[in-house]
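Residue numbers (our numbering), protein chains in the order written: chain A, 1 to 695; chain B, 1 to 150. Ideal placement from N, C-alpha and C gives every residue a C-beta, glycine not left out. Fair warning: this is a prediction, and the values are worked out from it, not measured in the lab. Step one of this worksheet: look at the structure below.
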Amino acid sequence: MPDAPVQIEPERYELTAPPAYRFAVDRRDFIGLLGGGLLIAFSAGAQESGRRGRGQALPADLDAWLHIAEDGAVTICTGKTEVGQNIRTSLSQAAAEELHCPIAAIKLVMADTALVPYDMGTFGSRTTPTMAPQVRRAAATAREALLDLAAEKLQVDRAKLSIADGKIAGAGAAPMGFGELTKGQKISKTIARDVSVARPLGQSASKLEARDIVTGNHKYTPDLTRPGMLHGRVLRPPAFGATLANFEAPDASSLSGVTVVHEKNFVGVAAPTAQTAADALSKLKAEWKREPVPPGAASGPGLYEYLKQTASPGERDIQGSVEDGMAAADIKLQGAYTVAYIAHAPLEPRAALAEWDDGKLTVWTGTQVPFGVRSELASAFGVAEDRVRVIVPDTGSAYGGKHSGECAVEAARLAKSAGKPVKLVWTREEEFTWSYFRPAGLIEISSGVRHDGAVTAWECHNYNSGGSGLLSKYDFAGQRNTFHPAKSPLRQGSYRGLAATANHFAREVHMDELARAVKMDPLEFRLKNVKDERLRAVLQAAADRFGWGPGKSKAEGIGIAGGFEKGGYIATCAQVAVENSRIRILRVVEAFDCGAVVNPDQLKNQIQGAISMAIGGALFEQIRFGDGQVLNPRFSQYRVPRFSDMPEIEVVLVDRPDLPSAGAGETPIVGLAPAVSNAIFHLNGTRLRSLPMAL
Amino acid sequence: MPRVAQITVNGTPRPIDADPDIPLLTVLRDHLSLTGAKYGCGEGQCGACTVLLDGQSVRSCITSVRAAAGKQITTIEGIHHPLQDAFIEEGAMQCGYCTSGMIVSGVALLNKTPHPSRDEIVHHMNGNICRCGTYPRIVAAIQKAAQSHA
Numbered sequence: 001m002p003d004a005p006v007q008i009e010p011e012r013y014e015l016t017a018p019p020a021y022r023f024a025v026d027r028r029d030f031i032g033l034l035g036g037g038l039l040i041a042f043s044a045g046a047q048e049s050g051r052r053g054r055g056q057a058l059p060a061d062l063d064a065w066l067h068i069a070e071d072g073a074v075t076i077c078t079g080k081t082e083v084g085q086n087i088r089t090s091l092s093q094a095a096a097e098e099l100h101c102p103i104a105a106i107k108l109v110m111a112d113t114a115l116v117p118y119d120m121g122t123f124g125s126r127t128t129p130t131m132a133p134q135v136r137r138a139a140a141t142a143r144e145a146l147l148d149l150a151a152e153k154l155q156v157d158r159a160k161l162s163i164a165d166g167k168i169a170g171a172g173a174a175p176m177g178f179g180e181l182t183k184g185q186k187i188s189k190t191i192a193r194d195v196s197v198a199r200p201l202g203q204s205a206s207k208l209e210a211r212d213i214v215t216g217n218h219k220y221t222p223d224l225t226r227p228g229m230l231h232g233r234v235l236r237p238p239a240f241g242a243t244l245a246n247f248e249a250p251d252a253s254s255l256s257g258v259t260v261v262h263e264k265n266f267v268g269v270a271a272p273t274a275q276t277a278a279d280a281l282s283k284l285k286a287e288w289k290r291e292p293v294p295p296g297a298a299s300g301p302g303l304y305e306y307l308k309q310t311a312s313p314g315e316r317d318i319q320g321s322v323e324d325g326m327a328a329a330d331i332k333l334q335g336a337y338t339v340a341y342i343a344h345a346p347l348e349p350r351a352a353l354a355e356w357d358d359g360k361l362t363v364w365t366g367t368q369v370p371f372g373v374r375s376e377l378a379s380a381f382g383v384a385e386d387r388v389r390v391i392v393p394d395t396g397s398a399y400g401g402k403h404s405g406e407c408a409v410e411a412a413r414l415a416k417s418a419g420k421p422v423k424l425v426w427t428r429e430e431e432f433t434w435s436y437f438r439p440a441g442l443i444e445i446s447s448g449v450r451h452d453g454a455v456t457a458w459e460c461h462n463y464n465s466g467g468s469g470l471l472s473k474y475d476f477a478g479q480r481n482t483f484h485p486a487k488s489p490l491r492q493g494s495y496r497g498l499a500a501t502a503n504h505f506a507r508e509v510h511m512d513e514l515a516r517a518v519k520m521d522p523l524e525f526r527l528k529n530v531k532d533e534r535l536r537a538v539l540q541a542a543a544d545r546f547g548w549g550p551g552k553s554k555a556e557g558i559g560i561a562g563g564f565e566k567g568g569y570i571a572t573c574a575q576v577a578v579e580n581s582r583i584r585i586l587r588v589v590e591a592f593d594c595g596a597v598v599n600p601d602q603l604k605n606q607i608q609g610a611i612s613m614a615i616g617g618a619l620f621e622q623i624r625f626g627d628g629q630v631l632n633p634r635f636s637q638y639r640v641p642r643f644s645d646m647p648e649i650e651v652v653l654v655d656r657p658d659l660p661s662a663g664a665g666e667t668p669i670v671g672l673a674p675a676v677s678n679a680i681f682h683l684n685g686t687r688l689r690s691l692p693m694a695l
Numbered sequence: 001m002p003r004v005a006q007i008t009v010n011g012t013p014r015p016i017d018a019d020p021d022i023p024l025l026t027v028l029r030d031h032l033s034l035t036g037a038k039y040g041c042g043e044g045q046c047g048a049c050t051v052l053l054d055g056q057s058v059r060s061c062i063t064s065v066r067a068a069a070g071k072q073i074t075t076i077e078g079i080h081h082p083l084q085d086a087f088i089e090e091g092a093m094q095c096g097y098c099t100s101g102m103i104v105s106g107v108a109l110l111n112k113t114p115h116p117s118r119d120e121i122v123h124h125m126n127g128n129i130c131r132c133g134t135y136p137r138i139v140a141a142i143q144k145a146a147q148s149h150a
């Protein structure tokens with residue numbers, strides 16, 4: 001299947017420029033490194049490995065390697081990172097299915113810039129639609145090459161041979177392992193463009209690293225050590241944008257064994273133990289010059305006016321005529337919807353272990369963009385990129401929050417001065433304050449609808465939160481949608497689902513308002529306004545499982561929402577109650593269609609997880625800030641979903657084995673908030689238009 | 001205050017040389033290289049650092065090493081319990097960073113209450129955060145492990 005050009009949303013543009021070259025290791029060197037065997041280089045298809053630009057299609061490039069060694073070991077090298085979305089397993093599954101070998105026979109080397117080809121990063125739910133088909137083609141190319149080798153070796157008709165359970169058999173010959181066929185040879189092939197690949201088998205497979213995780217043996221960046229390693233800490237300014245006005249390094253005798261580093265605005269320490277580093281940090285005295293903070297640049301109602309005032313005109317997407325649509329409308333409505341800044345709060349905070357050796361830098365760090373971090377490091381220290389190696393251990397989650405390399409740069413800076421490896425693990429307060437946030441936003445919608453339920457006009461302005469999911473699958477006769485970038489008072493960036501959460505919240509709550517205005521059932525109203533079969537199918541599937549329909553009394557408090565983003569179609573039904581003036585979500589049914597299902601159980605896990613995470617943004621989470629400071633940088637002050645917040649969750653997988661697989665880590669997050677808001681209106685007539693929602 | 005010279009971890013006395021006020025988590029991870037317990041918040045709010053002290057679950061990030069001295073400390077590395085298999089069978093993890101703490105907390109519950117109700121599980125586990133949102137699967141895993149004990 002050909003890959004569609006990849007469109008990247010503007011919010012992703014915090015990433016640094018790509019390197020000037022693409023091959024971390026020369027192809028010949030790479031074969032030398034691996035020894036004999038069969039090497040397949042993937043170099044077909046439009047991939048994410050190229051130069052990025054707003055709305056720009058990305059060119060084809062080399063994406064990964066697959067190698068079958070003389071001992072039969074299958075190694076695949078990819079720049080993708082494992083952050084809990086389970087691609088270590090799903091990519092291994094793809095290769096094992098094509099090679100007809102056990103999944104355990106596959107070794108996936110992920111995100112080590114010295115071993116893997118350039119990759120733009122792991123985000124945008126791109127691994128399953130773009131990398132997995134590449135892995136399949138590479139594995140299928142290897143399979144065909146192995147069959148060629150076997151036919152030649154046995155001098156038999158190739159058509160009589162078959163591969164099963166990692167062995168080639170047929171034509172009366174004893175089964176041969178892959179390694180036996182490649183022994184004594186060095187074969188290099190480029191992925192075959194016309195090789196036939198199978199659809200995903202759609203079977204559940206356990207997470208490959210699960211045993212290590214449940215025994216505490218799985219190593220994340222904070223768990224690593226190096227000989228002679230020191231522990232680092234960084235002195236933080238009292239407010240965003242503050243600059244160092246005065247700093248005097250303390251008397252060396254008072255801090256024995258501690259390296260103090262001061263370069264421009266950066267002050268940090270490295271010490272033999274984490275405790276000594278913390279103690280040393282507390283003894284440092286610095287004066288900071290704070291920047292004035294403009295009025296409105298604080299959490300609270302004034303924030304949204306501030307965003308609107310600082311917004312740029314943006315780019316409009318126009319379909320039909322809004323004016324004609326308004327003229328044809330029987331009822332007109334307006335609504336304003338807001339979403340707060342929220343934090344990713346990955347349970348593993350930013351961490352990095354940096355080591356300099358003879359002018360070469362190696363950094364282990366949890367990031368979604370290993371090559372971007374390599375560029376940041378090279379640029380920060382004025383060294384060539386081939387002198388920097390970034391290795392990404394499996395990471396304690398990210399959710400779009402680890403696209404930057406500040407912690408890696410800080411650790412490397414400390415290590416450089418200390419002359420020893422330095423590990424830096426950000427504190428929770430640092431993670432909450434000095435990372436970046438999901439953008440806050442204001443969304444204003446004006447619409448017109450006929451008495452028969454047909455939406456004739458739709459004008460939507462999104463201030464600051466982003467363009468993802470701004471356009472819908474609804475067949476509104478006239479519509480104008482505009483994303484207005486604004487001056488964000490906080491550092492903002494990617495987040496699971498990006499602005500699709502905000503845009504779906506606004507649109508699906510407004511749709512509910514329109515349905516009520518024309519006295520139609522909200523499901524019927526949506527179906528009246530959408531012809532897209534896949535969206536209709538998920539809406540119907542969720543409604544059927546939920547038991548949506550006439551006969552539901554107001555006391556039940558039910559709501560529905562649907563949408564489309566990143567190739568996935570979603571519909572969510574929610575049932576709510578109010579207990580002690582607080583919203584309680586009792587039951588959620590979510591139907592999801594992401595094309596062909598790869599691993600049903602892990603897909604359900606992602607959808608359930610997205611629903612759970614969405615509860616936080618819907619009901620509790622918001623960054624409170626003012627005067628250049630985050631005011632709630634702790635889990636005791638920033639409420640995230642817990643066991644007791646969980647509703648009964650049911651997932652309906654709408655499998656489309658006839659269609660390419662889309663990614664599933666993000667889109668399932670968008671339906672929960674509007675479904676809950678609509679359910680509250682159904683329950684008690686209160687229309688909640690701001691996230692987080694409170695009664 | 002004298003320094004702490006020994007703690008007993010997973011049944012084995014381990015010599016250390018630690019300031020009595022430093023967190024047990026720091027000693028386990030940095031002095032003894034037992035990295036299964038994780039740092040997540042430093043204020044006992046997330047449960048990623050959970051270990052057992054004489055069978056009771058505690059947050060090792062806010063437990064001083066002095067408070068742990070003389071007691072039986074059990075970390076995830078010392079746990080061999082059907083709950084670990086149940087986590088795998090139920091797919092009760094995504095990134096896995098919270099999993100050590102979840103399992104140690106779950107084992108503490110099952111040791112005390114071999115057949116907990118759903119409400120008892122939620123109540124006991126509510127101090128452990130899974131940011132990936134695998135809560136329903138963790139509840140199912142604890143229920144499954146409880147049944148296997150029947």
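Proximity test, Cβ basis, 7 Å: Q6 of chain B and chain A: Q6 of chain B does not count as touching chain A.
Residue span of the alpha helix (DSSP H) that contains N111 of chain B, given as start and end: Where N111 of chain B is concerned, the enclosing alpha helix (DSSP H) stretches over T99 to K112.
T338 of chain A burial status per 10 Å Cβ neighbour count (16 or more: buried): Answer is buried; the Cβ neighbour count reaches 16.
Three-way DSSP call (helix, strand, coil) for F437 of chain A in this model: Per DSSP, reduced to three states, the secondary structure at F437 of chain A is strand.
Cα-Cα separation between C594 of chain A and S256 of chain A, rounded to whole angstroms: Near 58 Å, if we compare the C-alpha coordinates of S256 of chain A and C594 of chain A.
Option in A:S196, A:R136, A:G396 and A:T362 with minimal Cα separation from E209 of chain A: When only C-alpha atoms are compared, the closest one is A:G396.
Residues near K107 of chain A in its chain [Cβ-Cβ closer than 8 Å; skip 5 each side]: Cβ neighbours of K107 of chain A within its own chain (closer than 8 Å, five residues either side excluded): A73, V74, T75 and I76.
Close Cβ partners of A48 of chain B (< 6 Å) along its chain, the five nearest in sequence each way excluded: Apart from sequence neighbours up to five positions away, the residues of its chain that approach A48 of chain B with a beta-carbon distance below 6 Å are K38, G40, C98 and G101, ordered along the chain.
Closer than 6 Å: L32 of chain B CB and nearest the ligand PLP heavy atom: Only the bare structure without any ligand can be found here, which leaves the ligand PLP out of the picture.
Classification of P550 of chain A by the beta-carbon crowding that lies within 10 angstroms, buried from 16 upward: Counting C-beta atoms within 10 angstroms of its own C-beta, P550 of chain A has fewer than 16 neighbours from the protein chains shown and is therefore classed as exposed.
C407 of chain A in three-state terms, based on DSSP: Helix, per DSSP.
Spatial distance of S231 of chain A from V107 of chain B (CA atoms): Per the sequence shown, residue 231 of chain A should be read as His rather than Ser. H231 of chain A and V107 of chain B: Cα-Cα distance of roughly 32 Å.
G268 of chain A burial status per 10 Å Cβ neighbour count (16 or more: buried): Here G268 of chain A is buried: its Cβ has 16 or more other Cβ atoms, across all protein chains shown, within 10 Å.
Sub-7 Å separation of R136 of chain A and E82 of chain A beta-carbons: For the 7 Å CB-CB criterion, R136 of chain A and E82 of chain A do not form a contact.
Rounded C-alpha distance that separates A440 of chain A from R59 of chain B: Looking at the two C-alpha atoms, the distance is approximately 34 Å.
DSSP bridge partner residues for R316 of chain A (one or two, in chain order): Answer is A:T482.
Three-pair Cβ contact test at 8 Å for the region 499-517 of chain A versus the region 537-547 of chain A: At 8 Å Cβ cutoff, the stretches do not touch.
Inter-residue spacing [alpha-carbon to alpha-carbon] between A114 of chain A and W356 of chain A: Here the C-alpha atom of A114 of chain A lies approximately 15 Å from the C-alpha atom of W356 of chain A.
Cβ of H218 of chain A within 7 Å of any chain B Cβ: So, interface residue.
Residues that D17 of chain B contacts on chain D, provided the C-beta gap is smaller than 8 Å: Note that chain D does not occur in the displayed structure, where the protein chains are A and B.
In DSSP terms, what M110 of chain A is bridged to: M110 of chain A pairs with A:T78.
Chain-order list of residues whose beta-carbon lies under 7 Å from that of I31 of chain A (same chain, five-residue window excluded): In this prediction, I31 of chain A scores a pLDDT of 49, lower than 50, which makes its location untrustworthy; no coordinate-derived value is stated.
Opening and closing residue of the alpha helix (DSSP H) in which Y304 of chain A lies: Element bounds for Y304 of chain A: G302 to Q309.
Contact with chain B by E48 of chain A, beta-carbon distance below 7 Å: Because E48 of chain A sits at a pLDDT of 35, beneath the cut-off of 50, its placement in the model cannot be relied upon, and the point is left open.
C-alpha distance - N462 of chain A paired with Q56 of chain B, whole-angstrom precision: A direct Cα-Cα distance of roughly 51 Å separates N462 of chain A from Q56 of chain B.
Where P136 of chain B meets chain A, residues with beta-carbon distance less than 7 Å: The contacting residues are Q608, M646 and I649.
Same chain only: Cβ atoms within 7 Å of D54 of chain B, ignoring 5 sequence neighbours per side: K71 and Q72, listed in sequence order.
P668 of chain A and F592 of chain A closer than 7 Å at C-beta: Remark: C-beta atoms of P668 of chain A and F592 of chain A approach each other more closely than 7 Å.
Residue burial classification, I583 of chain A (beta-carbon count within 10 angstroms, cutoff 16): It counts as buried.
Touch test, the region 371-380 of chain A against the region 235-248 of chain A, Cβ-Cβ under 8 Å, three pairs minimum: Note that the region 371-380 of chain A does not touch the region 235-248 of chain A; fewer than 3 beta-carbon pairs, one per stretch, sit closer than 8 Å.
4 or more residues per run - each alpha helix (DSSP H) lying fully within the region 575-620 of chain A: If you keep only unbroken alpha helix (DSSP H) runs of at least 4 residues inside the region 575-620 of chain A, you get 600-615.
Contact belief for T221 of chain A with W364 of chain A at Cβ below 8 Å, rounded distance in angstroms: Right, their Cβ atoms sit about 5 Å apart.
Near-chain B residues of the region 396-418 of chain A - C-beta to any C-beta below 9 Å: So the list reads G396, S397, A398 and Y399, given in the order they occur along the chain.
V392 of chain A (DSSP reduced to helix, strand or coil): Assignment of V392 of chain A by DSSP, reduced to helix, strand and coil, places it in the coil class.
Partner residues on chain B for K207 of chain A, Cβ-Cβ distance less than 9 Å: Those within 9 Å of K207 of chain A in chain B are I88, G91, M93, Q94 and G96.
Below-7 Å beta-carbon distance, I22 of chain B vs any chain A residue: With respect to chain A, the C-beta atom of I22 of chain B has a partner C-beta closer than 7 Å.
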